[in-house]
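Colleague: First residue of the sequence shown: 130, per the working numbering; consecutive thereafter.
Right, I'll just put the structure down here and ask away after.
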Amino acid sequence: MRKKILIEAKPFAVGVRVEHPQQLIDNIQYHNNIKIKNLPASSYNLACQSGNKGVYSFCMCPGGSIVNASTSQTGLVLNGMSNSYRNLPFANSGIVVSVEEKDLSEYSQFGALAGIKFQEALEKKAFETGGADYTAPAQNMIDFTENKISSKLNDTSYYLGIKSSPLHELLPSFIVSRMQEAFGIFGKKMKGFYTNEATLLGVETRTSSPVRIPRNFETLEHVEISNIYPSGEGSGYSGGIVSSAIDGERCAEAIIKKFR
């Protein structure tokens, strides 16, 4: 921004990490209440439309854990991971709602950086709600949909701990209402998914970059400045490890083609 290099706002998604007992997800997906030897920890992929917005699972981690992915001393960001054996007792996934520029009128004075400011505000709010020590604010799933604070929380894989909190008040209303509807829909797609055995932990804000550095479709160089090749997740062209690697390879090939 200081160098006046053109950037643009782009859609992204925000929500929570949802954690179930892995055995519960296995029971649903394998249609069996008995743990069957040699079958891997099962996963899921869920999506629906609510109020003209997408709500979907993101980075589902079977047999995994929820981890702190914060990049600020005053902000809380959560992510998920699975070790290679996927043998931990919990399944977790981001459940997120699409966010567009029109949703961020409160931050319009920041221009293309409105999405980043929105992320930062949510992360700060989550940090403070949890007690300002990276404890995650949390709520059981049905309690969240009924706007109730959970009197007792489930066990969790998140090693820094959780605190019962009103996530239905922490998150913006346009996200809350759509997540509340989506959980009911997902519960019909996966019988048993909608349950107070599931815990919501906040917040999941880094699904993809809220900005894009525009580039030429053919050369992959910045549209205004030659020899700058915006690439990967931070530049707005990918949303994960594999897609970032592929985009980086594309840019490397474009550079070789130019200078060969």
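The C-beta atom is built at its ideal place from N, Cα and C for all residues, glycine as well.
1) Bridge partners for Cys177 per DSSP, in chain order?
2) Give the secondary structure of Val225 by DSSP, where H, G and I count as helix, E and B as strand, and everything else as coil.
3) Less than 6 angstroms between C-beta atoms, sequence neighbours within five positions excluded: which residues of the same chain meet that for Lys139?
4) Taking the alpha-carbon of Lys133 as reference, which of Thr334, Lys318, Val332, Val352 has the nearest alpha-carbon?
5) Where Pro301 and Asn167 are concerned, what is the direct C-alpha to C-alpha distance, given to the nearest angstrom?
6) Taking only three categories from DSSP, how would you classify Arg307?
7) Which same chain residues end up closer than 6 angstroms to Leu233 when comparing Cβ atoms and leaving out the 5 residues on each side of it in sequence?
8) Would you mind stating whether Phe187 and Pro339 have Cβ atoms separated by less than 7 angstroms?
9) Give me the residue from Ser222, Ser172, Ile271, Ile165 with the minimum Cα distance to Thr336.
10) Taking the beta strand (DSSP E) that Thr328 falls in, what are its first and last residues?
11) Suppose you measure from the CA of Leu205 to the CA of Tyr263; what does that come to, to the nearest Å?
12) Whose CA, out of Gln268, Thr258, Gln202, lies closest to the CA of Gln309?
13) Going by DSSP, which residues form a beta bridge with His149?
14) Buried or exposed: which applies to Glu382, given that a residue is buried once 16 or more other Cβ atoms fall within 10 Å of its Cβ?
Modeller: In this structure, then:
1) Val184
2) strand
3) Arg341, Gly365
4) Cα-wise, what sits closest to Lys133 is Val352.
5) Rounded to the nearest angstrom, the two C-alpha atoms are 43 angstroms apart.
6) helix
7) Ala243, Phe247
8) no
9) Ser222
10) 328-333
11) In a straight line, the C-alpha of Leu205 is about 6 angstroms away from that of Tyr263.
12) Gln268
13) Ala220
14) exposed
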